[in-house]
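One structure is given below, encoded as structure tokens.
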Amino acid sequence: MRTIDVAAARLLAQRVLLPLPRRWDHTRTVAAQARSVAHAVDPEDRDLLHAAAWLHDIGYGPAAVDTRFHPLDGARLAERLGWPPRLTALIAHHSGALFVARASGWAEELAAYPNEASAVTDALIYADQTAGPDGRVLPAGLRIARALERHGPGSPQQRAAAQRTPHLLAAVSRVHARLQQRQSAA
Ligand SMILES: [Fe+2]
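Counting in this note's numbering, the sequence shown runs from 1144 upward without gaps.
Below, the structure written as structure tokens:
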């Protein structure tokens, strides 16, 4: 696989999210959180994780908005700009997006991207779900509960929650377990 330019990913995210300062604050924390759990993924996947953390929410940027389902819009923008397929697929499926896609009618479009299930997807979930919308770090359970409250009753997020929440929390637990394993092996 060709190398991933993490600095270019950061610059692109900064440019696309410039009109959305809170989203940029959130993104910077997601990138920092991804860096903090980098040891939970294989060394050769760390740049991929880091770049995905920078780019995961570019679908919110005005330059990307099309369907208004941000994981899909972000993946499509990254694809148009020539980012590698594995990275664009991570954007498409970040934080259990498929569950929300099923509840909002975008599952078929999202299926154009392979849904990787790996230490990288888990670490990306950890990073995204421990970074609040204003960039503050908070426990995943609290972040998920607050997001559901924000989206409100009847939202695709709430309709997806019964499946998505355990999926997210299990990923966070696996990240903790991998970090512990690495620590005790060191
Ligand atoms: Fe995010």
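Backbone N, C-alpha and C define an ideal beta-carbon position, used for all residues, glycine too.
DSSP lists Ala1274 as the beta-bridge partner residues of Val1280. Cβ contact annotation for Glu1292 (same chain, cutoff 8 Å, sequence separation greater than five): none. When rounded, the separation of the alpha-carbon atoms in Asp1185 and Ser1261 is 10 Å. In this structure, His1199 has its CB closer than 7 Å to one or more heavy atoms of ligand 1.
In this structure, the beta-carbon distance from Ala1274 to Gln1157 does not fall below 8 Å. Burial check for His1213: the Cβ neighbour count within 10 Å reaches 16 or more, so the residue is buried. Around the Cβ of Arg1166, a 10 Å sphere holds 16 or more other Cβ atoms; the residue is buried.
The alpha-carbon of Ala1174 is positioned some 27 Å away from that of Ser1298. In the displayed model, Leu1215 falls within a helix according to three-state DSSP. Annotated three-state conformation of Asp1265 is helix, per DSSP. Annotation: Val1208 to Pro1228 spans about 20 Å, alpha carbon to alpha carbon. For Val1243, the enclosing alpha helix (DSSP H) starts and ends at 1240-1247.
Here the region 1248-1260 does not lie against the region 1303-1313, with fewer than 3 beta-carbon pairs under 8 Å apart. In the three-state scheme derived from DSSP, where H, G and I count as helix and E and B as strand, Tyr1256 is classed as coil. In this structure, Glu1222 lies near Thr1231, with their beta-carbon atoms less than 8 Å apart. A distance below 7 Å between beta-carbons, with the five flanking residues on each side excluded, links Ile1287 to the following residues of its chain, in chain order: Gln1272, Thr1308, Leu1311.
Nearest in C-alpha terms to Val1149, of all of Ile1268, Leu1161, Asp1277, Asp1188, is Asp1188. Counting the other CB atoms within 10 Å of its CB gives Asp1216 a total of 16 or more, which places it among the buried residues.
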